[in-house]
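Taking it in order: structure first as C-alpha cells, then the write-up.
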Amino acid sequence: MAQFPTPFGGSLDIWAITVEERAKHDQQFHSLKPISGFITGDQARNFFFQSGLPQPVLAQIWALADMNNDGRMDQVEFSIAMKLIKLKLQGYQLPSALPPVMKQQPVAISSAPAF
1 MAQFPTPFGG
11 SLDIWAITVE
21 ERAKHDQQFH
31 SLKPISGFIT
41 GDQARNFFFQ
51 SGLPQPVLAQ
61 IWALADMNND
71 GRMDQVEFSI
81 AMKLIKLKLQ
91 GYQLPSALPP
101 VMKQQPVAIS
111 SAPAF
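Terminal number for the sequence shown in full-length UniProt numbering: 115, no gaps in between.
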C-alpha cells in the first residue's frame with residue numbers, strides 16, 4: 001500500500017482522507033445543495049465530470065464510494081468519491097474494494113502533539 005511522508009517522519013496511507021480534504025469536500029458537497037443530507041447521482045454527475053475522468057471510471061468510483069448502494073451519497077461517501085477522483089488523477093489505480101481507512105474519521109497530518 002502506498003504511503004507518503006508526514007512532517008513528523010512517519011507515513012500516512014495515501015487512501016486516508018485528511019481533515020483538510022474532508023473540510024474541502026464538505027464545502028463542495030454543500031454547494032450541490034443536498035436534500036435531507038444526500039445528493040443524487042444526477043446532482044453529482046456534472047460535478048464529477050468536471051474532473052475530466054471518463055464516465056466508466058467515474059461509475060467505478062461511484063460504486064466504491066456509495067457504501068450502502070442506495071444510489072445517493074451522504075457527506076462521507078461524497079468525500080470518499082472526491083479522494084478517489086484525486087488519486088486517480090494523480091495516476092493511482094482504483095482499488096477493487098474500498099480500503100478500510102477511507103471509512104474512518106479524517107486524519108490530521110499537520111498537527112503537533114499536545115503537551
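Note that CB positions come from ideal geometry on N, CA and C, so glycine has one too.
A buried status is given to Leu58, since no fewer than 16 other beta-carbon atoms sit within 10 Å of its beta-carbon. At the C-beta level, Gln50 and Leu32 stay beyond 8 Å of one another.
The beta carbon of Asp26 sits closer than 8 Å to those of Gln75, Ser79, all from its chain and outside the five residues before and after it, given in chain order.
With a beta-carbon spacing of about 6 Å, Met102 and Ile17 fall inside the 8 Å limit used to define contacts. One Cα belongs to Ile85, the other to Ile61, and the distance between them is close to 7 Å.
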